[in-house]
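Residue numbers for the sequence shown follow the UniProt record's numbering, beginning at 1 and rising by one.
By construction, the Cβ of each residue, glycine as well, lies at the ideal position given by its N, Cα and C atoms.
Okay, structure first, notes after.
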Amino acid sequence: MAAATENDDNTLDNHLKPDAEPAPVNPSPPAEEKPLSKNAQKRQLKQQRYEAKKAEKKAQEKEHKRKEGERKHKEWEETLANATEEERLQLIESRRSLRKERMEKRSEEKEKKMERLTRAKEIGQNIVIDVDFAHLMSESEISSLVQQIMYCYAVNGRSTSPCHLWLTGVQGEMSTQLDRLPGFEKWFIEKESRCYIEAMADRKENLVYLTADSETVLEDLDPKDIYIIGGLVDRNRFKGITMNKAQEQGIKTAKLPIGEYMKMSSSQVLTVNQVLEILVKYLETRDWKTSFFTVIPQRKRTGVDPVDSSKPEPLSEEHQEEHDLLERKKVCVEAPLESGS
Numbered sequence: 001m002a003a004a005t006e007n008d009d010n011t012l013d014n015h016l017k018p019d020a021e022p023a024p025v026n027p028s029p030p031a032e033e034k035p036l037s038k039n040a041q042k043r044q045l046k047q048q049r050y051e052a053k054k055a056e057k058k059a060q061e062k063e064h065k066r067k068e069g070e071r072k073h074k075e076w077e078e079t080l081a082n083a084t085e086e087e088r089l090q091l092i093e094s095r096r097s098l099r100k101e102r103m104e105k106r107s108e109e110k111e112k113k114m115e116r117l118t119r120a121k122e123i124g125q126n127i128v129i130d131v132d133f134a135h136l137m138s139e140s141e142i143s144s145l146v147q148q149i150m151y152c153y154a155v156n157g158r159s160t161s162p163c164h165l166w167l168t169g170v171q172g173e174m175s176t177q178l179d180r181l182p183g184f185e186k187w188f189i190e191k192e193s194r195c196y197i198e199a200m201a202d203r204k205e206n207l208v209y210l211t212a213d214s215e216t217v218l219e220d221l222d223p224k225d226i227y228i229i230g231g232l233v234d235r236n237r238f239k240g241i242t243m244n245k246a247q248e249q250g251i252k253t254a255k256l257p258i259g260e261y262m263k264m265s266s267s268q269v270l271t272v273n274q275v276l277e278i279l280v281k282y283l284e285t286r287d288w289k290t291s292f293f294t295v296i297p298q299r300k301r302t303g304v305d306p307v308d309s310s311k312p313e314p315l316s317e318e319h320q321e322e323h324d325l326l327e328r329k330k331v332c333v334e335a336p337l338e339s340g341s
């Protein structure tokens, strides 16, 4: 079992894409490649336009942030220039006090966070992200999955009822890209080069692979069970791959009860981090409906509740702000609804 390491808050809150280019991934043999259908080509073009628009928006936000920082700095300099010596000293001291207070608050929050994560390791729900599919993905898809994993870790760390998170099958290019993340070595997480079936051989009867192809609907999370999320981007190329893998390994499967609470739109896809966030939200609330409506974006659902047409309880201001922030920050490529999500 891999040793868990500590988290670095500043790394996740200010994550940057590494400057170094990742090592090239060996392409699949031409004989296995199939030409894309017209619908697939349209989806690909739509995705490319979406990514381009997203990148442009991100650049605009970055430029706005830079200009806003310059404006505030200029205002501060002008304020000091127009103040008396006594006023300048008071302003500087006040600013130092606020900065110290923020640092103390951040340190306190980090300490509480580590206490929650430590407790989760001891008695919490174990959730695995299976990244053993990296050899099937392109370089950009692996990069997208790494981004999703980063969001998973951030969401779990902020949760009041976090799970104990595992990464299994971490090898090759996936391991290389994860190791490039600043502070990854300090994450409070289990990192295993082996597949979960080997790393958790003594708990095989408790392994449950989450896949939409399962006939078993997950009604509740059992603390004794270990739930597995398939870390695979662009599953359209690999229909039923997680279900087949679980059946070959002889482990249980289940799917999230999304259909009992809402109807998904034509874009029936969820990212790995959205699946993880749903599970973590359920650990907090023990309410599937709240978890689904909180995490699944409006564009992915029709808004119709097949069981109960009443609207879900509105989020608190704090949770709504956190949810909106996560939605703005999610820049990864979405994976089709395969992980039981």
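For Leu117, the enclosing alpha helix (DSSP H) covers residues 85-123.
Counting along the chain, Gly230 sits inside the beta strand (DSSP E) bounded by residues 226-230. Under the rule that a run must span 4 or more residues, the alpha helix (DSSP H) segments found entirely inside the stretch 134-202 read 139-158, 172-179, 196-199.
For Ala55, the number of other beta carbons within 10 angstroms of its own is below 16, and it is reported as exposed. Taking C-beta atoms as the reference points, Val217 and Ala246 fail to come closer than 8 Å.
For Val275, the enclosing alpha helix (DSSP H) begins and ends at 272-285. Membership of Leu207 in any alpha helix (DSSP H) is not indicated; the residue belongs instead to the beta strand (DSSP E) covering 207-210.
Taking C-beta atoms under 8 Å as the contact rule, Val146 and Gln177 qualify, at a distance of about 5 Å. Between Gln249 and Ile197, the C-beta gap is smaller than 8 Å, which places the two residues in contact. In its chain, beyond the 5 residues on either side, no residue has a beta carbon closer than 7 Å to the beta carbon of Gln60. The straight-line gap separating the alpha-carbon atoms of Leu181 and Arg158 is approximately 19 Å. Residue pairing for Asn126: DSSP places it in a beta bridge opposite His164, Ile226.
In the three-state DSSP reduction, Thr79 falls in the helix class (H, G or I). Below 8 Å, enough C-beta pairs join the stretch 251-265 and the stretch 211-226 to call them touching: three or more. In the DSSP assignment, Lys252 falls within the beta strand (DSSP E) that extends over 252-254. DSSP places Met262 in the coil class of the three-state scheme, outside both helix and strand. Met264 has its alpha-carbon roughly 26 Å from the corresponding atom of Ile226. For Gln298, no alpha helix (DSSP H) encloses it, and the DSSP letter there is neither H nor E. Ile251 sits close to Lys204, with the two beta carbons spaced by under 8 Å. Per DSSP, Thr216 lies in no alpha helix (DSSP H) and is assigned neither H nor E. Annotated three-state conformation of Gly240 is coil, per DSSP. With respect to the 8 Å criterion, Ile241 and Leu276 are not classified as neighbours on the basis of their beta carbons.
Sequence-distant partners of Val170 (beyond 5 residues in either direction) whose C-beta falls short of 8 Å from its own C-beta, in its chain, are Val131, Leu178, Lys191, Glu192, Ser193. Distance from Cys152 to Ile129 at the Cβ level is roughly 7 Å; contact confirmed, criterion being Cβ atoms closer than 8 Å. In the three-state scheme derived from DSSP, where H, G and I count as helix and E and B as strand, Leu221 is classed as coil. Measuring C-alpha to C-alpha distances from Ala154 to each of Gly183, Met137, Ala199 identifies Gly183 as the nearest. Around Ala120, the same chain offers Pro162, Cys163, His164 as residues with beta carbons nearer than 7 Å, after the five sequence neighbours per side are excluded.
Between Phe238 and Leu167, the gap from beta carbon to beta carbon reaches 8 Å or more.
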